[in-house]
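To start, the structure itself, in structure tokens.
Chains as they are written, first to last, in the numbering used here: chain G, 126 to 455; chain C, 249 to 558.
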């Protein structure tokens with residue numbers, strides 16, 4: 126009886142003790158937080174593993190020697206690492222020459238895309254003209270309909286290049302532009318290149334978000350329209366320029382579809398060479414064992430992604446911040 | 249004696265001048281769209297509706313064929329119908345998963361924790377590496393070994409020399425009585441697609457992250473003061489605020505999976521390998537229209553539930 130009574134009074138006391146109450150809440154909250162952070166850690170590490178593991182596998186195996194490939198004892202760390210895969214892959218890819226050409230090609234296309242898409246995006250963002258909504262609808266159509274669906278007409282257009290029958294009108298010859306990089310430059314110059322619609326959209330959203338006052342100040346000071354765009358608006362659009370640059374570089378570099386469809390030479394496009402690397406090595410160097418062939422392909426893949434990874438490592442931080450401010454969000 | 253000052257308008261008004269310079273800015277796009285897009289779409293339709301032969305100097309149309317090639321695509325071609333439904337089906341399954349996953353990951357990466365920048369960098373990595381040439385090189389290299397295409401994960405399995413099989417169906421079967429089979433199948437499918445889903449949601453994660461960052465902190469403050477639980481905060485604040493981006497992301501995801509779909513591949517092969525231009529054009533047109541239809545329906549459905557600030 127006495128004990129129960131004592132217990133009850135203790136319980137009442139404990140219940141009304143706010144300090145204890147707060148203490149308990151604090152512990153519960155911090156435990157919750159801790160469990161959440163463990164959960165988050167597991168999830169993020171797990172998914173990061175899904176992303177990185179193929180990469181680790183490829184990078185590691187590209188250093189395997191023949192013995193390592195067949196040794197059951199070897200797991201991830203090669204016993205007798207070799208650079209032979211890279212040597213042969215570099216020779217067969219003609220790596221440095223093709224990579225130089227490829228980077229030149231990709232960078233020049235990116236510059237064209239940046240110039241044109243920023244112009245068009247600015248035009249849509251700041252000017253009023255007849256049929257504006259309809260024309261912006263065309264941009265959306267371009268995003269939704271990838272060029273893959275109209276490849277055949279494009280192929281025909283460039284095989285007998287005769288824009289709007291102008292060439293034949295003035296007695297010129299139709300030109301075959303296939304097997305040259307010209308079609309892609311033309312597409313980019315006219316704002317219809319690889320994913321141009323998306324870039325126009327990004328620039329449009331960004332320019333719409335900039336305050337009108339900076340433009341007006343420039344007009345008042347006597348700047349022309351184009352001058353204002355070039356010297357006032359472009360320097361303010363750095364975040365979206367970084368975003369578009371990285372997207373454009375990466376997608377153009379990885380592109381195989383246009384390169385195949387327009388038959389661009391594999392002296393310019395490294396990804397085309399990589400595609401046939403396995404077969405080349407099998408036939409020219411008589412590496413008949415497919416398991417060993419594969420190691421050369423891995424080395425080729427590492428060589429191929431190397432420049433993009435380097436660029437990404439340098440631009441990464443600014444890029445992610447850039448996307449956050451680049452007006453994809455509008 | 250009033251001096252009538254005649255305001256003579258010289259040239260154009262300011263509005264007109266502005267609209268002309270606007271047109272100047274967008275003129276490259278307009279020209280390109282007409283030459284390369286409008287013209288091409290028209291030509292695709294023309295191809296689909298007529299017989300054509302390929303000659304040395306180019307192609308020639310040899311008469312109107314009506315709907316013959318549409319008929320052929322649907323009732324004669326051995327695999328078109330199957331590939332079309334399969335591609336669209338995959339799209340319908342994958343897109344919600346990718347959207348859900350990327351929103352979830354964006355929420356997670358938006359929290360403050362150590363190594364956040366590294367985690368973000370890793371999650372964007374697939375965009376860099378998602379190159380068709382790498383995929384093709386890998387699958388051909390694999391194909392010579394096991395005689396078929398295989399996902400990258402088995403490459404790693406081979407590369408690291410282990411074969412850790414894990415029969416997920418068995419573990420899911422243990423739950424068989426409690427959960428309906430269709431849901432289990434969907435989950436099993438989702439798990440086996442995890443690699444595809446993770447690697448194709450890089451851009452979407454970034455877009456959602458950007459949306460999350462743009463939510464004003466004062467909204468959360470209000471929610472907290474009013475005593476909302478985290479669950480309520482998510483559904484009443486976070487979700488409505490990112491919902492406009494849901495449409496953008498959906499369009500991006502659908503188009504992205506359409507580009508890599510089998511049906512476009514079939515259209516490409518029919519056109520360029522078999523030189524059957526009319527049939528190839530029919531394939532492109534049909535797949536194009538069905539994807540547009542899906543986008544339209546889904547877009548309307550989502551945007552009805554979207555919250556717009558203005």
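Ideal placement from N, C-alpha and C gives every residue a C-beta, glycine not left out.
Inset, instruction - Output the distance between the C-alpha atoms of residue 364/G and residue 444/G, rounded to the nearest integer angstrom. - result: Start at 1 with the first residue of the first chain, and residue 364/G comes out as number 239. Start at 1 with the first residue of the first chain, and residue 444/G comes out as number 319. Distance between the alpha carbons of residue 364/G and residue 444/G: 8 Å.
Inset, instruction - Note down the Cα distance separating residue 450/C from residue 349/G, rounded to an integer number of angstroms. - result: Here residue 450/C is taken as the residue at index 202 of the second chain, counted from 1. Here residue 349/G is taken as the residue at index 224 of the first chain, counted from 1. Approximately 40 Å between the Cα atoms of the pair.
Legend entry - Selected residue, minimal CA-CA separation from residue 442/C, among 345/C, 287/C, 367/C: Within the second chain, residue 442/C is the residue found at index 194, counting from 1. Selected option, being the one with the closest Cα: 345/C.
Legend entry - chain C within 7 Å of residue 279/G, Cβ atoms only: Position 154 of the first chain, counted from the first residue, corresponds to residue 279/G. Interface residue, yes.
Inset, instruction - Could you work out which residues of chain G lie near residue 379/C, taking near to mean beta carbons separated by less than 7 Å? - result: Here residue 379/C refers to the residue found at position 131 when the second chain is read from its first residue. Chain G residues near residue 379/C: 379, 396.
Legend entry - Validate contact between the region 352-367 of chain G and the region 321-332 of chain G using beta carbons, cut 8 Å, 3 pairs: yes
Inset, instruction - Give the DSSP-derived three-state secondary structure of residue 301/C in the structure shown. - result: Within the second chain, numbered from 1, the residue matching residue 301/C stands at position 53. Residue state, collapsed to three classes: strand.
Inset, instruction - Could you pull out every residue in the same chain whose Cβ sits closer than 8 Å to the Cβ of residue 500/C, ignoring the five residues on either side in sequence? - result: Walking along the second chain from the start, residue 500/C turns up at place 252. Here the set comprises 451, 452, 455.
Inset, instruction - Would you mind giving the Cβ-Cβ distance between residue 304/G and residue 390/G, rounded to the nearest angstrom? I have them listed as a contact below 8 Å. - result: Counting from 1 along the first chain, the entry for residue 304/G is found at position 179. Counting from 1 along the first chain, the entry for residue 390/G is found at position 265. About 7 Å separates the two Cβ atoms, so the contact holds.
Inset, instruction - Please classify residue 357/G: does DSSP put it in a helix, a strand, or coil? - result: One-based indexing of the first chain puts residue 357/G at position 232. The answer is helix: DSSP assigns residue 357/G an H, G or I state.
Legend entry - Closer than 7 Å to chain C by CB, residue 316/G: One-based indexing of the first chain puts residue 316/G at position 191. For residue 316/G, the answer is yes, since a Cβ of chain C falls inside 7 Å of its Cβ.
Inset, instruction - Kindly confirm or deny that the region 528-544 of chain C and the region 311-331 of chain C touch, where touching means at least three C-beta pairs closer than 8 Å. - result: yes
Legend entry - C-beta contact flag for residue 276/G and residue 384/G at 7 Å: Taking the first residue of the first chain as 1, we reach residue 276/G at position 151. Taking the first residue of the first chain as 1, we reach residue 384/G at position 259. Contact flag unset, no.
Inset, instruction - Classify residue 403/G as buried or exposed, calling it buried when 16 or more other Cβ atoms lie within 10 Å of its own Cβ. - result: Here residue 403/G refers to the residue found at position 278 of the first chain. So residue 403/G ends up on the buried side.
Inset, instruction - Measure the Cβ-Cβ separation of residue 99/G and residue 395/G and say whether it is below 7 Å. - result: With chain G covering only 126 through 455, there is no way to say anything about residue 99/G.
Inset, instruction - Express the C-alpha separation of residue 262/C and residue 259/G in angstroms, rounding to a whole number. - result: Position 134 of the first chain holds residue 259/G. Position 14 of the second chain holds residue 262/C. Their backbone Cα atoms lie some 23 Å apart in a straight line.
Inset, instruction - Please report how far the alpha carbon of residue 266/C lies from the alpha carbon of residue 348/C, in whole angstroms. - result: If you number the second chain from 1, residue 266/C lands on position 18. If you number the second chain from 1, residue 348/C lands on position 100. One C-alpha to the other measures close to 44 Å.
Legend entry - residue 146/G - containing alpha helix (DSSP H), residue span: In the first chain, residue 146/G corresponds to position 21, counting from 1. 143-186 is the span of the alpha helix (DSSP H), which, as asked, contains residue 146/G.
Inset, instruction - Compute the Euclidean distance between the alpha carbons of residue 195/G and residue 181/G, then round it to the nearest angstrom. - result: In the first chain, counting from the first residue as 1, residue 195/G sits at position 70. In the first chain, counting from the first residue as 1, residue 181/G sits at position 56. Near 19 Å, if we compare the C-alpha coordinates of residue 181/G and residue 195/G.
Legend entry - Residue closest to residue 329/C, alpha-carbon to alpha-carbon, out of 428/C, 538/C, 355/C, 507/C: Taking the first residue of the second chain as position 1, residue 329/C is located at position 81. Nearest of 428/C, 538/C, 355/C, 507/C to residue 329/C, Cα basis: 538/C.
Legend entry - Nearest residue (CA-CA) to residue 448/C, options 176/G, 135/G, 246/G: Here residue 448/C refers to the residue found at position 200 when the second chain is read from its first residue. Checking every option, the nearest Cα to that of residue 448/C belongs to 176/G.
Inset, instruction - Have a look at 223/G, 154/G, 191/G and flag the residue whose alpha-carbon is nearest the alpha-carbon of residue 398/G. - result: By 1-based counting over the first chain, the position of residue 398/G is 273. It is 223/G.
Legend entry - Pair within 7 Å by beta-carbon distance, residue 511/C and residue 283/C: Within the second chain, numbered from 1, the residue matching residue 511/C stands at position 263. Within the second chain, numbered from 1, the residue matching residue 283/C stands at position 35. No, they are not a contact pair.
Legend entry - Distance, residue 523/C Cα to residue 415/G Cα: For this step, residue 415/G is matched to residue 290 along the first chain. For this step, residue 523/C is matched to residue 275 along the second chain. Going from the Cα of residue 415/G to the Cα of residue 523/C covers about 33 Å.
Inset, instruction - List the residues of chain G that residue 262/C touches, going by C-beta distances under 8 Å, in chain order. - result: Stepping through the second chain from its first residue, residue 262/C is reached at position 14. Within chain G, no residue comes near residue 262/C; the closest Cβ sits about 10 Å away, beyond 8 Å.
Inset, instruction - Have a look at the DSSP bridge pairing and note the partners of residue 312/C. - result: Reading the second chain from its first residue, position 64 is the one you call residue 312/C. Its beta-bridge partners are 298/C.
Legend entry - Enclosing alpha helix (DSSP H) for residue 258/G [first to last residue]: Translated into positions along the first chain, residue 258/G becomes position 133. Residues 257-269.
Inset, instruction - Using a Cβ-Cβ cut-off of less than 7 Å, list which residues of the region 261-284 of chain C approach chain G; keep chain order. - result: 266, 267, 269, 270, 271, 273, 274, 276, 277, 278, 279, 280, 281, 283, 284
Inset, instruction - Write down every uninterrupted run of the alpha helix (DSSP H) in the region 442-489 of chain C whose length is 4 residues or greater and which is fully enclosed by it, in chain order. - result: 442-447, 450-461, 465-473, 478-481
Inset, instruction - Would you check if there are 3 or more beta carbon pairs closer than 8 Å linking the region 243-255 of chain G to the region 425-438 of chain G? - result: no
Inset, instruction - Whole angstroms is fine: what's the gap from residue 543/C's alpha carbon to residue 319/G's? - result: Within the second chain, the letter at position 295 stands for residue 543/C. Within the first chain, the letter at position 194 stands for residue 319/G. Rounded to whole angstroms, residue 543/C to residue 319/G spans 21 Å at the Cα level.
Inset, instruction - To the nearest angstrom, report how far apart residue 392/G and residue 362/C are at their CA atoms. - result: To locate residue 392/G, count along the first chain from 1; it is residue 267. To locate residue 362/C, count along the second chain from 1; it is residue 114. Taking the straight line from one Cα to the other gives about 44 Å.
Inset, instruction - To the nearest angstrom, report how far apart residue 481/G and residue 281/C are at their CA atoms. - result: In the structure as shown, chain G begins at 126 and stops at 455. Residue 481/G is therefore absent and cannot be evaluated.
Legend entry - Bridge partner(s) assigned by DSSP for residue 300/G: Walking along the first chain from the start, residue 300/G turns up at place 175. Beta-bridge pairing links residue 300/G to 286/G.
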